[in-house]
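Here's the structure we're looking at; comments come further down.
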Amino acid sequence: MLIPLLQLAVVAWLPGAVLFRLPVARREARASLDPEERLFWAVILSVSISASIALALAAARMYSLERLLLADGILALALAAAVRFRLRLQGARRPGLSALLPLALVALGLWRFFPPAEYVIGGKDPGVYINEGIQIAQRARLLVEDPVVASVPPFARDLFFPSHERPDYYGVRFMGFFIRSPDTGTVVGQFPHLFPASIAIGYGVDGLTGARRTVGWWAILGVLALYFLGARLVGRTAAWAAAALLTLHVIQVWFARYPNAEVVMQALLLAAILASSRGHADDDPFFAPVAGGLLGLLLFLRFDTVLGIGGVGAGLLLGTLAGGRVRASFVGTGLAVAALAAVYMRGPMQAYVTLPIVYLTSLRAWQYLAIGLAAVLAAWLLAARARGWKLSPRGASWIPTGIVLVLVGSALYALYFREPGGRLAAHDAYALRTFTGYYLTLPALIAALLGYALWARHAFWRAPELFTTVAIFGLTFFYKIRIVPDHFWMARRFLPVILPGALLFACAAALAPGARRSSTRRLGGVIGLVFVGLLGLQYARASRPLLAHVEYAGVIPHLEKLAAGLAPDDLLIVEGRDAGTDLHTLGLPLAYIYDRPVLILQTPLPDKVMFGTFLDWARTRYRRVLFMGGGGTDLLSERWGARVVAADRLRVPEYDEPGYEYPRGPRIKQFDYTIFELTAPSGTWNEAVDLDIGNQDDLNVLRFHAKEETEGRSIRWSRNVSYVLVPGIRADYRTVTLWMSNGGRPAAAPTADVRVDLQGTRLGEVRVGQGFQPYVLPIPPGLAASLAARAQPVQLRLETEPWVPELVIGTPDDRALGVMVDRVAVK
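Under the numbering used here, the first residue of the sequence shown carries the number -10, and numbering increases by one thereafter.
This is how it looks when you write it as structure tokens:
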């Protein structure tokens, strides 16, 4: 326990503490800060420095936690030695009762933000981030040299990772991991590596648990950044209330436990705004380059951080018009880090920047015109300012007024008048209504707009960066949300700036006395406390179900057990995404956390000749070739056999994620799979077929739903068209018997008429009733003889008109259901 704590102290405190205490750039100004804010800056600087060093080491293919600790230690020692260890802050404030406020926020965050999700599987962004970070920790580099990819013979690549015919990458290894070169096996993660670098640090300190906890620590830093920024602008009381509400809020709680880059953006961007305000409004030379460095570092996180950079830049530009100045150290540091980011984006992240480039090159004409006019206006204003021109006090006062009018007018339009139509999608048109109705509440939005207006008039020039950044994020994302509109997925857009900004200004309107007359302060304070208290109760009530929920709890022990059953010289082939299950998501952690050879099939209908040739090659390299299936893949062939070696069912909690309504709570996600060893031909070809559907049938079904159990039977629901794969037909086979049930179709659903074809020949049509019954269809003798001569698997095709329970009876089941199939016999 002591060693991890010492490691954390070096990574998250030492270099920042030394840098903060250097006797340069008016150290006495930093000494006058509250001790709790000094500690915050030591931590945020250290975390930023450590993550940057980790990125640099990984880019140089030499990352390890030991090297990072050594680099942090050498940097701290070199800085201290350069000033002869004169690091004492003379006249520094001592801790007082105010230190209890951020301490309480940390305690609240520890309660609300842990334990984190067990989201280590693939399929979506969280699993990509976790596996990217662990790959940095395990393989010491950003670009992974994957020996399994490099070993696949060129003739077989299309089975697992066909070329996408793109210049920036060859194909996809796993979802979120691009193959740069199949010959060398070079693979790169989809997302920039700043957040994964911090995950790598957490993994080095405390293994997989430390990697998962990283997001929660970033969320606590985001809460503290909001508190210190708000305390400077509107006072401690309102700032603490806003930070506490953020800690209670369902969006913050969800994403503090769910790996994502937005919480990192929240912490770094709010800290950068605070640093910029201190560096420019307070004329503190230390914080200006800190702000520039933090903003530049955001470019290694997500592309949409350019909105934050633009927001800070717009605020500083407006500040210069009112007589302020932008420090050269801010610009120089920011440009230096941005230049490194440009090299990084043109190198490892070339595929990542393709989509933003496509977006920027496909704007409408009026959008290009607006951007051009804004650039020309900004250049003209800067040139005029350089010649000594500045706005008069009266003119300067109109800037915040104009921003308030635009923001309030846009909010009223989006709340009450904006409707979908043409190219305007419903989730974009209703974005502000969604945020207000489901997450913020209308009273809180009104208070936020009021607080924004009051404090823009009262204190705009103390932190213009905050006001402009909140406005830019709001106008951008409430115009186009640019994300799949699933809850809580789309709420990521509100997390970095919109939610904390709205809470800060709402609490400022309710609790900060600076914008109210003295005669109304006492009554207003009481009303404000009641208002904030009611908001806190509402937010706590909404997030209460999340406190007992751990997304995918239990998946890690199951993966560890699964990996333990695989030897390093076993090859596991996993069914692809199109098989109808999410088993492919297990392949990513098995390969990139537990270091097992894994390949994902591209299609449930692989080329049999190509696969057979690959299998012959694979047996010369691996001890066993295994296949994991659950949804159905056509891998029956007379060229190889299939022996069941394991079968299991994993059930984990997964939170509801509807598109246009609030999540209802956790549900169960099921991974039901069978593992087969692909062996030499078994000699059982063309034997009588009697298939128990839903029980180790993964090589015999296609386009069915996942396995289920009902009435003591293992079954599968068919789709509109589903297939049963029969190993072979003998000339004397005469009947196909299917045990089926309509599953209790309601009267509003279409009748369960099933049309049955055998290898393209119609056998007949049956109407399936309620309860499981055998339905017998004859096989014409001539058809049986012709199929027997082929000595190949035969497709039994089931076609029916499906129904969707969600649409017909309102239950939360959006599957298109055919009929229940329990057993198929061919004799």
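Ideal Cβ placement from N, Cα and C applies to all residues, glycine included. What you are looking at is a predicted structure, and each value in this text was computed from that prediction instead of being measured.
Buried/exposed call for Phe494, threshold 16 Cβ in 10 Å: By the neighbour-count rule (16 or more Cβ atoms within 10 Å), Phe494 is buried.
Span separating the alpha-carbon of Tyr441 from that of Gly178: 40 Å
Residue nearest to Pro84 in terms of C-alpha spacing, selected from Leu132, Pro24, Ile470, Thr750: The shortest Cα separation from Pro84 among Leu132, Pro24, Ile470, Thr750 belongs to Pro24.
Between the CA atoms of Leu624 and Thr668 - distance to the nearest angstrom: If you take the alpha carbons of Thr668 and Leu624, they lie about 12 Å apart.
Beta-ladder partner(s) of Lys696, from DSSP: Answer is Arg705.
Close beta carbons around Leu639, own chain, < 6 Å, minus the five adjacent residues each side: By the criterion of a C-beta distance shorter than 6 Å, Leu639 is surrounded in its chain by His547, Phe660, once the five residues flanking it on both sides are discounted.
For Leu691, the residue or residues it bridges with in DSSP: Tyr712
Delimiting residues of the beta strand (DSSP E) encompassing Leu787: 783 to 788
The alpha helix (DSSP H) enclosing Ala331, as first and last residue numbers: 317 to 335
CA-to-CA distance, Leu213 to Val515, given in whole angstroms: Computed Cα separation, rounded: 25 Å.
DSSP state of Gly224 mapped onto helix, strand, coil: coil
Contact check, Pro274 vs Ala14, beta carbons under 7 Å: yes
Continuous alpha helix (DSSP H) stretch holding Gly391: start and end: 382 to 405
Nearest to Tyr52 (by Cα), restricted to the options Leu680, Gln127, Gly62: For the residues Leu680, Gln127, Gly62, the minimum Cα distance to Tyr52 belongs to Gln127.
Val598 (DSSP reduced to helix, strand or coil): helix
As assigned by DSSP and simplified to three states, the class of Ser53: Three-state result, Ser53: coil.
Expected contact under 8 Å - CB spacing of Pro593 and Gly621 to nearest Å: 6 Å
Helix, strand or coil at Tyr722 [DSSP, three-state]: coil
Close Cβ partners of Phe881 (< 8 Å) along its chain, the five nearest in sequence each way excluded: There is simply no residue 881 to check, as the chain begins at -10 and stops at 816 in what is shown.
Those residues which DSSP pairs with Phe665 across a bridge: Phe616, Val633
Phe163 - containing beta strand (DSSP E), residue span: 160 to 163
For Asn689, the nearest candidate out of Val783, Leu766, Ile657, Met(-10) (CA to CA): Val783
Supposed close pair Phe693, Arg702 - CB separation, criterion 8 Å: With 8 Å as the limit, Phe693 and Arg702 do not qualify as a contact, their Cβ atoms being about 15 Å apart.
Sequence ranges, alpha helix (DSSP H) only - wholly within the stretch 101 to 180, length at least 4: Whole alpha helix (DSSP H) segments, 4+ residues: 114 to 128, 136 to 140, 146 to 149.
Backbone secondary structure at Ala442 - three-state DSSP: helix
Host beta strand (DSSP E) of Leu561 (start-end): From DSSP, the beta strand (DSSP E) with Leu561 extends over 559 to 563.
Check whether Pro840 and Val813 have beta carbons under 7 Å apart: The requested residue 840 is not part of the displayed model; the chain covers only -10 to 816.
Unbroken alpha helix (DSSP H) run spanning Pro763, endpoints: Taken as a continuous stretch (DSSP letters only), Pro763 belongs to no alpha helix (DSSP H), being part of the beta strand (DSSP E) at 762 to 767.
Stretch-stretch touch, CB-based, cutoff 8 Å, three pairs: the stretch 2 to 13 with the stretch 60 to 76: When C-beta atoms of the stretch 2 to 13 are compared with those of the stretch 60 to 76, three or more pairs fall below 8 Å, so the two segments count as touching.
Distance between beta carbons of Leu551 and Leu579, contact taken as under 8 Å: Confirmed, about 7 Å.
Ile589 - containing beta strand (DSSP E), residue span: 587 to 589
Host alpha helix (DSSP H) of Val342 (start-end): Neither: Val342 is in no alpha helix (DSSP H) and is coded neither H nor E.
Neighbourhood of Arg723 by C-beta distance below 6 Å, restricted to the same chain and skipping five residues each side: Contacts found: Ile768.
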